[in-house]
Amino acid sequence: HVELPAPYTDHCILDDKTNLYDPSKQFDIQWFDINLDLPPSERWKQVAGAYKVQIKELIGVLIELISPIFPNAVDWADDVFGEMALKLPQPYRDEIMSISQVTGIPLGQITMYNIFYEIFTV
Amino acid sequence: CTSIIAQDKDGHLTHARNLDFGLFLGWDPVAHEWQISQKLRKIIINVNWIKNGKLLFKSNNFAGYVGIYNGLKPGAFSLTANERYQLEGGYYGMLKWAFGLEADGKWMSWLARETFELKNSYLDAKEHLMNTPMLSPVYFILGGVNKNEGCIITRSLNGTALLTELADAKNGWYLLQTNYDQDQQDLYLDDRDTPGDRCMDKLTQKNAGFQGVFNVLSSRTNLNKLTTYTVLMSVETARFETILQSCPGECYPW
Chain A
255 HVELPAPYTD HCILDDKTNL YDPSKQFDIQ WFDINLDLPP SERWKQVAGA YKVQIKELIG
315 VLIELISPIF PNAVDWADDV FGEMALKLPQ PYRDEIMSIS QVTGIPLGQI TMYNIFYEIF
375 TV
Chain B
13 CTSIIAQDKD GHLTHARNLD FGLFLGWDPV AHEWQISQKL RKIIINVNWI KNGKLLFKSN
73 NFAGYVGIYN GLKPGAFSLT ANERYQLEGG YYGMLKWAFG LEADGKWMSW LARETFELKN
133 SYLDAKEHLM NTPMLSPVYF ILGGVNKNEG CIITRSLNGT ALLTELADAK NGWYLLQTNY
193 DQDQQDLYLD DRDTPGDRCM DKLTQKNAGF QGVFNVLSSR TNLNKLTTYT VLMSVETARF
253 ETILQSCPGE CYPW
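Chains as they are written, first to last, in the working numbering: chain A, 255 to 376; chain B, 13 to 266.
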């Protein structure tokens with residue numbers, strides 16, 4: 255272990271005898287129901303509708319970051335991941351397609367977002 | 013990321029994690045934050061998964077993401093997934109899947125979700141997560157409801173590379189997992205195990221609970237510029253709390 259230089263040194267707040275836990279902060283995060291009894295295409299409509307702007311912003315930042323390195327990254331993602339979406343297992347395929355429809359974000363981009371873990375484990 | 017399963021002196025388990033994401037994905041020089049981490053904090057939601065009109069399990073998600081990184085099935089098990097980096101990683105699994113060589117391989121966060129949908133006990137979940145072929149490596153941190161029900165499943169694509177049990181934990185009463193194998197040393201520039209262990213040792217077992225573990229996960233460098241939230245879970249009581257996190261000011265970038 256190498257200690258980080260100040261002011262980034264590891265620091266356990268228990269040393270300060272302070273408590274940062276405030277259970278009321280949990281209510282800053284909204285709760286949603288996802289009903290598995292509904293068809294997959296119906297399950298995420300409320301969430302996708304409520305957050306479509308923020309999801310677009312997130313994917314927009316990703317595209318901005320990738321584009322200077324791979325100028326055709328958006329078209330590539332739309333094509334490759336859009337085609338991949340059609341082969342994904344159910345119910346995830348229909349869920350992802352409906353999120354794409356509700357948010358207006360191209361299917362390839364929503365698919366890429368949903369398989370980000372696999373892309374980033376390199 | 014940092015996941016912790018802590019057991020108090022009476023055998024009650026608290027399962028928690030920091031989700032860190034966004035490394036090298038754009039730096040905001042004004043806010044002094046990673047751009048992606050900033051955006052992710054705005055789309056965190058909690059989800060009640062309903063089946064046959066009843067609550068089946070709980071999770072938190074990034075809106076628009078249908079898989080699961082963290083969840084809790086009341087009275088059964090809790091799960092967090094930490095990223096595991098390997099040369100034979102997600103790209104390799106995806107390519108094999110695309111060419112039909114790994115048609116049954118599961119996508120990580122969908123395997124996690126499937127486990128919540130299909131399995132009803134800690135042991136069943138453990139077996140499923142250990143042995144199902146998947147497309148990427150990962151650390152599954154699994155907690156239960158009974159004393160000593162906790163483990164870290166170090167997954168490769170086709171099996172479990174290492175299983176670390178809470179009952180055999182080097183620290184006796186907790187498991188702490190970042191993004192390195194338990195039997196290997198962390199990269200010295202990214203060692204979050206040492207500060208996490210030191211802080212847990214200061215916490216002591218008698219203070220193992222939501223408050224204590226949250227304070228550990230709010231300490232540098234388990235808390236860093238990539239941290240988006242802390243989730244706290246108790247399978248026994250079904251408490252599930254997601255609390256937004258950030259590390260403004262002088263904080264390490266990862």
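Virtual Cβ for every residue (Gly too), placed ideally from N, Cα, C. Predicted model, so just to flag it, every value in this text is computed and none were measured.
| Item | Value |
| --- | --- |
| Quick test of your reading: Val-225(B) and Leu-244(B), contact by CB under 8 Å. State the CB separation rounded to the nearest angstrom. | 7 Å |
| Answer yes or no: does any C-beta atom of chain B fall closer than 8 Å to that of Gln-363(A)? | no |
| Please report the residue range of the alpha helix (DSSP H) in which Leu-264(B) lies. | Per the sequence presented here, residue 264(B) reads as Tyr, with Leu not at that position. Neither: Tyr-264(B) is in no alpha helix (DSSP H) and is coded neither H nor E. |
| Using 8 Å for Cβ pairs, my map puts Leu-127(B) next to Ala-137(B). What's the rounded Cβ distance? | A small fix is needed here, since residue 127(B) is Thr in this sequence, not Leu. Indeed, because the Cβ distance is near 5 Å, the residues count as touching under 8 Å. |
| Just checking: is the beta-carbon of Arg-232(B) within a distance shorter than 8 Å of some beta-carbon in chain A? | yes |
| Since Gly-314(A) and Phe-335(A) should fall inside the 8 Å C-beta cutoff, what is the C-beta to C-beta distance between them, to a whole number of angstroms? | Between Phe-335(A) and Gly-314(A) the Cβ distance is about 16 Å, and since that is not below 8 Å, they are no contact. |
| Could you pull the start and end residues of the alpha helix (DSSP H) that Gln-308(A) belongs to? | 299-320 |
| Would you list, in chain order, the members of the region 89-101 of chain B that have their beta-carbon closer than 9 Å to a beta-carbon of chain D? | The chain labelled as chain D is not found among the protein chains of the depicted structure, namely A and B. |
| Is the region 88-108 of chain B touching the region 366-374 of chain A in the sense that three or more CB pairs, one from each, lie closer than 8 Å? | yes |
| Looking only at DSSP bridge pairs, what is Arg-29(B) linked to? | Ser-15(B) and Val-243(B) |
| Would you list, in chain order, the members of the region 20-51 of chain B that have their beta-carbon closer than 8 Å to a beta-carbon of chain A? | Leu-37, Gly-38, Gln-47, Ile-48 and Lys-51 |
| May I have the straight-line CA-CA distance separating Pro-294(A) from Asp-348(A), to the nearest angstrom? | 6 Å |
| Run through DSSP, which three-state label would Tyr-275(A) get? | coil |
| Ignore the nearest five residues each way along the sequence and tell me which others in Gln-308(A)'s own chain have a CB closer than 8 Å to its CB. | none |
| So, with DSSP's three-state summary, where would you put Leu-91(B)? | strand |
| Apply the 10 Å Cβ neighbour rule to Leu-340(A) and answer buried if 16 or more other Cβ atoms are within range, or exposed otherwise. | exposed |
| Nearest by alpha-carbon distance to Ile-16(B): which of Pro-260(B), Ala-250(B), Gln-217(B) and Gly-261(B) is it? | Gln-217(B) |
| Could you check whether Leu-238(B) and Gly-79(B) sit closer than 8 Å to each other, using their CB atoms as the reference points? | no |
| Could you tell me whether the region 150-165 of chain B touches the region 16-27 of chain B, using the rule of 3 or more Cβ pairs below 8 Å? | yes |
| Between Asp-340(A) and chain B, is the shortest Cβ-Cβ distance under 8 Å, so that the two count as touching? | The sequence given here has Leu at residue 340(A), not Asp. Leu-340(A) does not count as touching chain B. |
| Taking only runs that begin and end inside the region 119-202 of chain B, name each unbroken beta strand (DSSP E) of 3 or more residues, in chain order. | 150-155, 162-168, 171-177 and 186-189 |
| Could you tell me the alpha carbon to alpha carbon distance between Lys-66(B) and Ile-288(A), rounded to whole angstroms? | 11 Å |
| Does the distance from the C-beta atom of Gly-76(B) to that of Tyr-305(A) stay below 8 Å? | yes |
| Cβ of Tyr-77(B) less than 8 Å from any chain A Cβ? | yes |
| Apply the 10 Å Cβ neighbour rule to Asn-72(B) and answer buried if 16 or more other Cβ atoms are within range, or exposed otherwise. | buried |
| Within 8 Å, do at least three Cβ pairs link the region 265-272 of chain A to the region 37-52 of chain B? | no |
| Between which residues of its own chain and Trp-109(B) is the CB-CB distance below 8 Å, once the five residues before and five after are set aside? | Ala-115, Gly-117 and Leu-147 |
| At what residues does the alpha helix (DSSP H) containing Lys-108(B) begin and finish? | 102-110 |
| Can you check whether the C-beta of Ser-258(B) is within less than 8 Å of a C-beta belonging to chain A? | no |
| Let me know the secondary structure DSSP gives Lys-63(B) once reduced to three states. | strand |
| Identify whether Ser-71(B) lies in helix, strand or coil by the three-state DSSP scheme. | strand |
| Could you tell me if Asp-291(A) is buried or exposed, where buried requires 16 or more neighbouring beta carbons within 10 angstroms of its beta carbon? | exposed |
| Would you say Asp-332(A) lies against chain B (beta-carbon separation less than 8 Å)? | no |
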